[in-house]
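For reference, the structure discussed in these notes is given below.
There are 2 protein chains.
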Amino acid sequence: MTDVAAIRAAARRLRGIRATPLLAATGLDRLAGRRVLVKAECLQVTGSFKARGAWAAISALSDAQRRQGVLAYSSGNHAQGVAWAAAAHGAPAVIVMPSDAPAVKIEGTEAYGAEVVLYDRGHEDRDALGAGLAAERGLTLVPPFDDPEVIAGQGTVGLELAEQVRGAGVGRADVLVPCGGGGLSAGIALALEAEAPELRVRPAEPAGFDDMARSLAGGERLTNPAAIGSICDAILTPRPGALTFPVLQRLAGPGLAVSDDEALAAVEAAFRHLHVVVEPGGAVALAAALFRGEAIAGDAVVCVASGGNVATETFVRAISGRTP
Amino acid sequence: MTDVAAIRAAARRLRGIRATPLLAATGLDRLAGRRVLVKAECLQVTGSFKARGAWAAISALSDAQRRQGVLAYSSGNHAQGVAWAAAAHGAPAVIVMPSDAPAVKIEGTEAYGAEVVLYDRGHEDRDALGAGLAAERGLTLVPPFDDPEVIAGQGTVGLELAEQVRGAGVGRADVLVPCGGGGLSAGIALALEAEAPELRVRPAEPAGFDDMARSLAGGERLTNPAAIGSICDAILTPRPGALTFPVLQRLAGPGLAVSDDEALAAVEAAFRHLHVVVEPGGAVALAAALFRGEAIAGDAVVCVASGGNVATETFVRAISGRTP
Numbered sequence: 002m003t004d005v006a007a008i009r010a011a012a013r014r015l016r017g018i019r020a021t022p023l024l025a026a027t028g029l030d031r032l033a034g035r036r037v038l039v040k041a042e043c044l045q046v047t048g049s050f051k052a053r054g055a056w057a058a059i060s061a062l063s064d065a066q067r068r069q070g071v072l073a074y075s076s077g078n079h080a081q082g083v084a085w086a087a088a089a090h091g092a093p094a095v096i097v098m099p100s101d102a103p104a105v106k107i108e109g110t111e112a113y114g115a116e117v118v119l120y121d122r123g124h125e126d127r128d129a130l131g132a133g134l135a136a137e138r139g140l141t142l143v144p145p146f147d148d149p150e151v152i153a154g155q156g157t158v159g160l161e162l163a164e165q166v167r168g169a170g171v172g173r174a175d176v177l178v179p180c181g182g183g184g185l186s187a188g189i190a191l192a193l194e195a196e197a198p199e200l201r202v203r204p205a206e207p208a209g210f211d212d213m214a215r216s217l218a219g220g221e222r223l224t225n226p227a228a229i230g231s232i233c234d235a236i237l238t239p240r241p242g243a244l245t246f247p248v249l250q251r252l253a254g255p256g257l258a259v260s261d262d263e264a265l266a267a268v269e270a271a272f273r274h275l276h277v278v279v280e281p282g283g284a285v286a287l288a289a290a291l292f293r294g295e296a297i298a299g300d301a302v303v304c305v306a307s308g309g310n311v312a313t314e315t316f317v318r319a320i321s322g323r324t325p
Numbered sequence: 002m003t004d005v006a007a008i009r010a011a012a013r014r015l016r017g018i019r020a021t022p023l024l025a026a027t028g029l030d031r032l033a034g035r036r037v038l039v040k041a042e043c044l045q046v047t048g049s050f051k052a053r054g055a056w057a058a059i060s061a062l063s064d065a066q067r068r069q070g071v072l073a074y075s076s077g078n079h080a081q082g083v084a085w086a087a088a089a090h091g092a093p094a095v096i097v098m099p100s101d102a103p104a105v106k107i108e109g110t111e112a113y114g115a116e117v118v119l120y121d122r123g124h125e126d127r128d129a130l131g132a133g134l135a136a137e138r139g140l141t142l143v144p145p146f147d148d149p150e151v152i153a154g155q156g157t158v159g160l161e162l163a164e165q166v167r168g169a170g171v172g173r174a175d176v177l178v179p180c181g182g183g184g185l186s187a188g189i190a191l192a193l194e195a196e197a198p199e200l201r202v203r204p205a206e207p208a209g210f211d212d213m214a215r216s217l218a219g220g221e222r223l224t225n226p227a228a229i230g231s232i233c234d235a236i237l238t239p240r241p242g243a244l245t246f247p248v249l250q251r252l253a254g255p256g257l258a259v260s261d262d263e264a265l266a267a268v269e270a271a272f273r274h275l276h277v278v279v280e281p282g283g284a285v286a287l288a289a290a291l292f293r294g295e296a297i298a299g300d301a302v303v304c305v306a307s308g309g310n311v312a313t314e315t316f317v318r319a320i321s322g323r324t325p
C-alpha cells in the first residue's frame with residue numbers, strides 16, 4: 002500500500018509538475034468568516050492535480066510497458082493527465098471517454114497527442130471496450146484513483162501543503178479536498194499524517210454524490226443512488242475506492258457536501274478574489290468553506306481547488322448567474 | 002535613481018507579497034508558435050503587481066509619515082495596492098479615484114480599509130483635490146510609477162523572473178510587459194540588467210495608447226492623442242514617466258501595440274489554457290506574444306500578466322464573445 006515513503010519517491014520522480022501556490026485574499030476570508038487558504042491545483046499542468054498521479058504511475062512502469070503504451074478511462078481530467086504524462090514519457094496513450102464528456106476535455110486530451118476512443122454511456126460497456134483494446138495492443142491500465150502509485154502521486158500535493166501551510170503560520174486546521182474516488186484525499190491524508198499531523202483531511206463532495214461522506218459515516222463503502230446529475234462532472238464517482246477508503250477511514254474527518262449552486266458560487270468567489278479559474282467539481286472544497294462554516298472548527302481552513310478545465314458556458318453561468 | 006541594489010533592498014522589505022508562478026501550457030505554445038512563459042502577477046495580493054511598489058514606497062517612509070497617512074491617485078490597481086500596503090503598515094490611506102472607475106476596483110479599495118474620494122474626470126481638478134487633502138491632513142503621496150521606491154518594488158518581479166526563466170531552461174528571450182507609465186517595465190529592466198542580461202524588456206501597450214513605444218522610437222517623451230477609449234483601463238497613462246523613460250530608453254527593445262480585440266482574445270487564452278483571470282490591460286503582453294509573433298525573435302517569449310481585477314461583464318465578453 003501507499004505510504005509516505007512512496008509519496009516521497011513519487012515526488013522525486015516528478016518532472017514538469019508545478020509546485021502550485023497557496024493563495025488567499027482578504028475578501029475571501031471575509032466571506033468565509035475565517036482565514037481561507039486555497040491550494041491552486043487548477044494551475045497544475047493539464048489544469049488539474051491528475052497530472053501528478055498519472056506521472057507517478059507511468060514513471061513506475063517498466064520500459065517495455067511504456068513502449069507498449071497505456072490506457073485510461075476518464076471523462077476528463079484524468080484523461081488529460083495521462084495523455085500529457087504518457088507523451089512526456091514517449092508512451093502511446095489510448096483514452097476511453099464517454100461521448101458526452103465536455104468538448105473542452107476531449108479536445109484537451111487529443112491536444113496532448115493521445116488517441117481518444119469515445120463510447121456511448123447508455124449503450125456500450127466501457128470496461129469491455131477498454132479490456133479489448135488493452136489485450137489487442139498490450140496496453141497497461143492507469144486507474145483514476147484506486148492504485149498505489151496514483152495515490153502516491155496525488156499525495157505530493159500533501160507534501161507541498163505541509164510546508165506551505167506551516168509557512169503561512171497556520172497550525173491545526175481542516176484541509177478540505179474535492180473527492181471523487183478518493184485518490185487525492187487519501188494521498189494528501191497520508192502525506193499530512195507524516196509531515197503535518199495537525200492538518201486533517203475532510204473530503205468535499207456534491208450533494209447526492211457524497212458516497213465518501215456517507216461511507217465514512219457508515220463504516221463501509223456505499224454507492225451513490227445516481228450516476229449523473231450534478232454540474233460537478235469531475236468528481237462523480239459511484240463509490241469510494243478499495244484502497245482509498247481504508248486510508249480515509251483511518252485519517253479523515255467527516256465529509257462535507259454542497260449543492261451545485263454553492264459550487265458555482267465558489268467558482269465565482271475564486272474568480273473574483275483569487276483570479277483563478279476553477280471548475281465546479283474543483284470548487285466544492287471552497288464551497289464547503291464558504292457555506293458549511295458551522296461544520297468546520299478553527300481560525301483557518303485550507304481548501305484544495307483541484308481543477309480548472311471548465312466549459313465556457315458553465316463558467317459564464319457561474320460568474321454572471323446567466324446561461325449564455 | 003533606482004538601481005538593482007534598491008530593488009534588492011525592496012525585496013528584503015516586502016512582507017505578504019507572493020512570489021508569483023511562471024505558468025505555461027502546450028495549447029498556448031501552439032497558439033503563439035513558440036514557447037510562452039507567463040509571469041502571473043494577476044495572482045499577486047490585491048490582484049496586481051501594484052502591491053509590490055506600494056509596499057516598497059510605504060515601507061521606506063518614516064514612522065511619522067506613516068502615522069500621518071498616505072495619498073494616491075488611481076483608477077484601480079494602484080489604489081488597491083496602496084490601500085492594502087497602508088493597512089498592513091497601520092497607515093491611514095486616502096485614495097482619489099475617478100467616479101467612472103470600475104465598481105470592482107472602487108469596492109476592492111474600500112474593502113482594504115482605505116477612504117475613497119471620488120472626483121468627476123470631466124469637471125474636477127484631481128491634482129488640486131489631492132493637494133488640498135494632502136496639505137490638510139499631512140498625507141504623503143505614493144505616486145503610481147514615477148518614484149524610485151515604487152520602481153524598485155515593481156523591479157522585484159524582475160528578480161523572480163531572472164531565476165524562474167533560467168529554471169525553465171530559457172536563455173535569450175524578450176520579456177513583454179504591460180506598460181502604462183512604465184514603472185513595472187523599468188523596474189523589471191533594471192533587475193534583468195543585473196541578474197539576467199540575456200532577457201530584454203519590451204513594453205506592450207494598447208493601440209492608440211502606445212506612448213511608450215512611440216517615445217522609444219522617437220527618442221523623447223510623447224503624449225497619447227486621447228486620454229480614454231480602450232478597454233485596457235489599467236494602463237491608459239498619458240505619457241512615459243520622467244524617471245521610467247530614460248531607463249527604458251537605455252534597456253528596452255521596441256514597444257508592441259495590440260488592439261482591444263486582441264487583448265480580449267489573450268484574456269480568453271489565459272482563461273482556457275492557464276486557468277488564470279487576467280484583465281484586458283494585464284493581457285496586452287500575452288496578446289503581443291499571440292498576435293505580434295513576427296515582431297518577436299527566438300524560440301521562447303516571456304509575458305507578464307500584470308493584473309486580474311476585471312469587471313464580470315468584461316470577462317464574459319472576452320471568453321464568450323458576447324456582452325452579457
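Sequence order for the protein chains is A and B.
Under this note's numbering, the very last position in the first sequence is 325; numbers go up by exactly one each time.
Under this note's numbering, the very last position in the second sequence is 325; numbers go up by exactly one each time.
For every residue, glycine included, the Cβ atom is placed at its ideal position computed from N, Cα and C.
Keep in mind it's a predicted model, so treat the numbers as computed, not measured.
So, are the CB atoms of T238 (chain A) and G181 (chain A) less than 8 Å apart?
yes
Assign P103 (chain B) to buried or exposed, taking buried as 16 or more other Cβ atoms, counted over all protein chains shown, within 10 Å of its Cβ.
buried
If you count every other CB in all the chains shown that lies within 10 Å of the CB of I152 (chain A), and 16 or more means buried, which is it?
buried
The stretch 32 to 55 of chain A: which residues have C-beta closer than 7 Å to a C-beta of chain B, in chain order?
C43, L44 and G48
Just to confirm the assignment: which complete beta strand (DSSP E) runs, minimum length 3, are found wholly within the stretch 160 to 230 of chain A?
174 to 179 and 200 to 207
A86 (chain B) to W56 (chain B), Cα distance in whole Å?
5 Å
Tell me, please, whether the CB atom of V277 (chain B) is closer than 8 Å to any CB atom in chain A?
yes
Which residues does DSSP list as the beta-bridge partners of E116 (chain B)?
B:V95
Counting only runs of 3+ residues fully inside the stretch 26 to 111 of chain A, write out the beta strand (DSSP E) ranges in chain order.
36 to 41, 71 to 74 and 94 to 99
What would DSSP say about L15 (chain A), mapped onto helix, strand or coil?
coil
Exposed or buried, what is R68 (chain A) when buried is set at 16 or more other beta-carbons lying within 10 Å of its beta-carbon?
exposed
Measure the alpha-carbon distance for K40 (chain B) versus R13 (chain B) and round it to whole angstroms.
The alpha-carbon atoms of K40 (chain B) and R13 (chain B) are separated by roughly 20 Å.
Out of curiosity, what's the CA-to-CA distance linking N78 (chain A) and L38 (chain B)?
23 Å
Using a C-beta cutoff of 8 Å, does L24 (chain A) count as contacting chain B?
yes
Let's see if you can read the secondary structure: which residues bound the alpha helix (DSSP H) around L265 (chain A)?
D261 to A270
Using CA atoms only, rank isn't needed, just tell me which of A:S63, A:A84, A:S216 and A:G256 is closest to V178 (chain A).
A:G256
Would you please state the rounded distance, in angstroms, between the beta carbons of V166 (chain A) and V303 (chain A)? I believe it to be under 8 Å.
6 Å
Closer than 8 Å, CB to CB, is T313 (chain B) near chain A or not?
Interface residue (Cβ-Cβ distance to chain A less than 8 Å): T313 (chain B) is classified as such.
Listed in chain order, which residues of the stretch 99 to 120 of chain A have Cβ atoms closer than 8 Å to some Cβ of chain B?
V105, G109, A112 and Y113
What residues in its chain sit with their C-beta under 7 Å from that of G139 (chain A), if we drop five residues either side in the sequence?
Q69
Compare the C-alpha of A174 (chain B) against each of B:A253, B:V259 and B:D234 and name the closest.
B:A253
Along chain A, which residues have their Cβ under 7 Å away from the Cβ of G168 (chain B)?
Near G168 (chain B) there are no residues of chain A at all, since even the closest Cβ is about 11 Å away, more than 7 Å.
Is the CB of S186 (chain A) under 8 Å away from at least one CB in chain B?
no
Inspect the CB distances between the stretch 190 to 200 of chain B and the stretch 267 to 284 of chain B and report whether three or more fall short of 8 Å.
no
Counting Cβ pairs, one atom from each stretch, are 3 or more of them under 8 Å apart for the stretch 286 to 297 of chain A and the stretch 25 to 33 of chain B?
no
Can you determine whether any heavy atom of the ligand GDP sits closer than 7 Å to the C-beta of A266 (chain A), and answer yes or no?
The ligand content of the structure shown is nil, which means the ligand GDP is not present either.
Between the stretch 117 to 129 of chain A and the stretch 90 to 99 of chain A, can you find at least three pairs of beta-carbon atoms closer than 8 Å?
yes
Rounding to the nearest angstrom, what Cα-Cα distance links V259 (chain B) and V279 (chain B) in this structure?
16 Å
Distance check for L32 (chain B) and E42 (chain B), CA to CA, integer angstroms please.
21 Å
For D261 (chain A) and V248 (chain A), what's the separation of their Cα atoms in angstroms?
27 Å
Count the other C-beta atoms from every protein chain shown that fall within 10 angstroms of the C-beta of H124 (chain B), then say buried if there are 16 or more, exposed otherwise.
exposed
Kindly indicate which three-state DSSP category T141 (chain B) falls into: helix, strand or coil?
Look at T141 (chain B) here: in three-state DSSP terms it is strand.
Counting along the chain, where does the beta strand (DSSP E) carrying V279 (chain B) start and finish?
Neither: V279 (chain B) is in no beta strand (DSSP E) and is coded neither H nor E.
Taking only beta carbons into account, state which residues of the stretch 290 to 321 of chain B come closer than 9 Å to chain A, listed in chain order.
G308, G309, N310, V311, T313, E314, F316, V317, I320 and S321
Flag F272 (chain B) as yes if its beta-carbon sits less than 8 Å from any beta-carbon of chain A, otherwise no.
yes
Take E108 (chain A) as the anchor and find which of A:F316, A:A80, A:R127 and A:L134 has the nearest alpha-carbon.
A:A80
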